[in-house]
Each structure stands twice: as structure tokens, then as C-alpha cells.
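Going by the numbering used here, the sequence shown opens with residue 26, and the numbers climb by one from there. All remarks here apply to the structure that follows.
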Amino acid sequence: MKILLLQSSVYYPSLGGGNKANRYLLEALAARGHQCVSIAKSLDSQRISDTRSEVEVLSDRGIRFNETNPYIRAYTLNSVLVQTVQTHHSSGRLARVITDQHTTLAPDVILVSDDKSGELLEIALTLNADRTVLLLHTNLHLPFGAEATHADADRAAVYARCRHRLSATRYTQEYLRQEGALASEFIPFPVFGSGSFSNIADPHRKTVGLINPCDVKGLSIFLALAERFPELEFVAVPTWGASQDNLARISALPNTRVVAPEDEINHILTQLSVLLVPSLIAETFGYVTVEAMLRGIPVLASDYGGLRDAKLGVPHLIPISPATHADGRHHIPRQNIEPWATALASLMRNANAYETCSRQSHQAAHAYIKQIDVQRFEHYFQEIAA
């Protein structure tokens, strides 16, 4: 098959869960002989934590460009052709690139991922509505329902026009059904890569981590725990949500450290004894939770949204007061730190409790990934293309 992926975010480096899921899916399909192309926003259009140009960032990662100009670049990564588009100051450039690639490739399916603006989905439906598949990773990006940050009836109508919708999680599938009266297929994405994923947990590291330290991801809980446990080191890994103010608040404490994000999450997780996932917004799943558990690292996560699924029945779901959204921004209520402090103390000050949670996490995560099979995507896309 010939598969075209459109996404309004950066393809590589893929630091967010949805972006990583899309990249790993295309790479798995390409490894099985399918021709895969991605069109995505350039790093120059969407800064994360690196202020260098896209050419500099990707060249440092060994990328060699097939095509490069100030606005459009192309390279091949793990047998997937990637085109990146600089979207600043040109509303029509992205549409032209997509239309040209569609003519050249003649894809069997067009995948559109988490299109917050609706622009990509509109383009895909115009090109071939029968073969367009909407990939749904993030409920916050949806134009309807209790978790939407930007409700939009017109964009919701576009979602309804799309015949094929693929939810990345059960939580999103149910949300679509309840909040939007929309049916979707659920297939778990091959987001965790391959490997033996041995148990690397070690309480003696005395290090607690948080990915994407920002208000909606529970930065206040992370900072409060750092103050409560001066004997532990707290590591923050900034990605898309971390602001300079967030980083300054972290650096103000003596037992905190900011670590640059890595393409391979394993490089981060090997430094940690415990991972915090204290999100104050409803995660659709929280892939990093399973990433840590695959390696036996205990996770303390919010008892909210899709994180309830991501913990796979292993203890240490902690109650939170969810963020609310009004006036175009999130409002963060004061949190009760006591349940988090109690859970962290039970793990870091009780070797038996730590070992038990580590073993349970490792076993549950390995059982979970056994159900992931890229052939399910193949069969689904082949039915659409038939």
C-alpha cells in the first residue's frame, strides 16, 4: 500500500506521545514493504525546546536532506519519506505541498492526525473522502465535548463527515461516542518500539522524574514533592509545554535538575527511581506511563482520564483536582499533596513496597504490549483501500 500521513505538528524529533505513535506506525508499515510518506510542520514553525534551525537539529541526528529550501524540506527516516513545511506567513503553502504529493504518490489511504484547525482534514476529504482516516490521539484537540479547549460546531461537522476514524485508546473511543455521537475503530499503536525491556528499577538512585513540566501536567505537585523530600533528586524533562517561567521555578529548588529531552525515552528512564505523571488534564492514555512500567519503574499517576487505563490495574493512582478551561486558558486549582507524598514515601522508604510495585508494573506492561500488532492496521487500511 501507499500511505500518506498528514499532521499539524513536528514528525521528528517526536517528543509527544501522539507524534511518536504516528512515527512508529509508519516505520513499522514501511518495514513490512509499504510506501509511507509524511507531511508535517517544520521545526521552524513549531519550536519545542531547541532554538536552533530544523536543518541544524536534524543534521545533528544524522539526517541528510533530499530537498531543502527555506520553506520545504525532505528527508528519509527509517524508510519513511518525510516532507516538512514552514507554515509561517503562508496559509496556502501546506495545501499546495499536500496536493502535489497526493498527485505524485496516489495514496491508498490518507491519515490525518489530531488536526486542531481542521485544515488538514478538509484538504484530505477534498482529495479523497473515501480513503481518509482521522487518527485521534488527544481529546483536548477535539472540537466538541467536556474536554475540548476550543469547541467549534463547524469543525465538529467536518469530523462527522469523515467516514473513517481511528482512536488510539479506549478512552478516546468512548469519548467520541458519548460526547460526539461518533463511532470509531480502536487499535493500539506500536508506540513502544522493540526490545526485551528488562527491569531496570532501582530505588537507590533516589531520583523522581516528570516529563513535560508545566502547569497542566502537574508541575505544582512535582515542586511540592521536591520541597517535601529534600533527600531525593527531582528531574524535569521539558518538552512542548514547559515555559521559561516553569524552568525558573524548577531551578529555584536545590534538589531539582532539568534534563534535555531525548529521542529515546530509555535514556531518561534509566536515571529514575520513580516517574510522576500528575496530569491535571484528562490524558487520553499517557504512553510514558507504560514506557516506565515496561522497565519496572513505579509510576505515580493522576486518578483521572485515560491514565486510569494506562496504569493497567497497578496501584498508585492518586486523586487530583482537575484543571478547568475558561477565557482561553487553563485554570489550575490548589492540589492536595498529601496522597502523593504518602505514596512516594511508601515506595522510597520501603524496599518491599518498591520491589512489589516494580514487579507488578513490569508484568502488567509486558502483558499489555503483547496485544499490539501492526498487522491490525494493515488489515484496517486494506479494507478502506479495497
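Quick reminder that beta carbons are idealized off the backbone N, C-alpha and C, glycines included. Computed from a predicted model, the values in this text were never measured in an experiment.
Spatial distance of Asn271 from Ala392 (CA atoms): 36 Å
Nonlocal neighbours in the same chain, by C-beta distance under 6 Å from Glu316, ignoring five residues either side: Ile290
Coarse secondary structure for Ile73, derived from DSSP in three states: Residue placement at Ile73 cannot be trusted, given a pLDDT of 48 that sits under 50; the coordinates are not used to answer.
Whether Ala193 touches His162 by CB criterion (9 Å): yes
Those runs of the beta strand (DSSP E) which lie wholly inside the region 217-290 and span at least 3 residues: 232-236, 258-262 and 281-283
Ile397 in three-state terms, based on DSSP: Of the three classes helix, strand and coil, the one that applies to Ile397 here is coil, per DSSP.
Residue environment, Asn437, which counts as buried when at least 16 other CB atoms sit within 10 Å: Look at the range of the chain in this structure, 26 to 411, and you will see that residue 437 is not part of it.
Buried/exposed call for Glu92, threshold 16 Cβ in 10 Å: exposed
Collapsed DSSP secondary structure at Lys336 in the structure displayed: coil
Proximal residues to Gly41 (C-beta, below 8 Å), its chain only, five neighbours per side dropped: Ser34, Thr264 and Trp265
At least 3 beta-carbon pairs within less than 8 Å: the region 338-351 vs the region 309-329: Contact between the region 338-351 and the region 309-329 is present, with at least three C-beta pairs closer than 8 Å.
Boundaries (first-last residue) of the alpha helix (DSSP H) holding Ile148: Glu144 to Asn153
Length of the line joining the Cα atoms of Ser83 and Glu287: Ser is not the amino acid found at residue 83; the sequence shown has Leu there. If I take the Cα positions, the gap works out to 13 Å.
Inter-residue spacing [alpha-carbon to alpha-carbon] between Ser138 and Ala261: 28 Å
At least three beta-carbon pairs within less than 8 Å, the region 47-65 to the region 215-226: yes
Start-end ranges of the alpha helix (DSSP H) lying completely within the region 145-208, minimum 4 residues: 178-186 and 195-205
Close-in-space but distant-in-sequence residues of the same chain around Asp240 (CB under 6 Å, 5 per side omitted): Ile357
Range covered by the alpha helix (DSSP H) that runs through Tyr312: Tyr312 to Leu319
Any chain C beta carbon closer than 9 Å to Ile290: Looking for chain C here will not work: only one protein chain is present.
Endpoints, beta strand (DSSP E) assigned at Tyr100: Ile97 to Leu102
Rounded distance between the beta-carbons of Val134 and Arg156, thought under 8 Å: 5 Å
From Ala285, Val110 and Gly220, residue whose alpha carbon lies closest to that of Lys395: The alpha carbon of Lys395 has as its nearest neighbour, out of Ala285, Val110 and Gly220, the alpha carbon of Gly220.
Contact set for Ile306: own chain, Cβ-Cβ below 6 Å, skip 5 residues either direction: Result list for Ile306: Val241 and Ala348, in chain order.
Phe28, DSSP secondary structure in three states: As written in the sequence, residue 28 is Ile, which differs from the Phe given in the question. If DSSP states are grouped into helix, strand and coil, Ile28 belongs with the strands.
Opposing strand residues paired with Thr109 [DSSP bridges]: Ala65 and Arg98
Test item: CB-CB of Ile225 and Gly321 under 9 Å: yes
Other residues of its chain near Val107: CB distance less than 6 Å, five sequence neighbours each side excluded: Tyr36, Ser63 and Tyr100
Residues bridged to Leu301 (per DSSP): Leu235 and Leu325
Span separating the alpha-carbon of Asn377 from that of Gly234: 21 Å
Per-residue burial, Gly117 [other beta carbons within 10 Å of its own, 16 or more giving buried]: exposed
Coarse secondary structure for Ser138, derived from DSSP in three states: strand
Nearest residue (CA-CA) to Leu250, options Ala411, Glu363 and Leu372: Glu363
Spatial distance of Leu297 from Glu210 (CA atoms): 35 Å
Assigned secondary structure, His3 (DSSP; H/G/I helix, E/B strand, else coil): With the chain running from 26 to 411 in the structure shown, residue 3 is simply not present.
Helix, strand or coil at Arg118 according to DSSP, with G and I counted as helix: helix
Glu403, DSSP secondary structure in three states: helix
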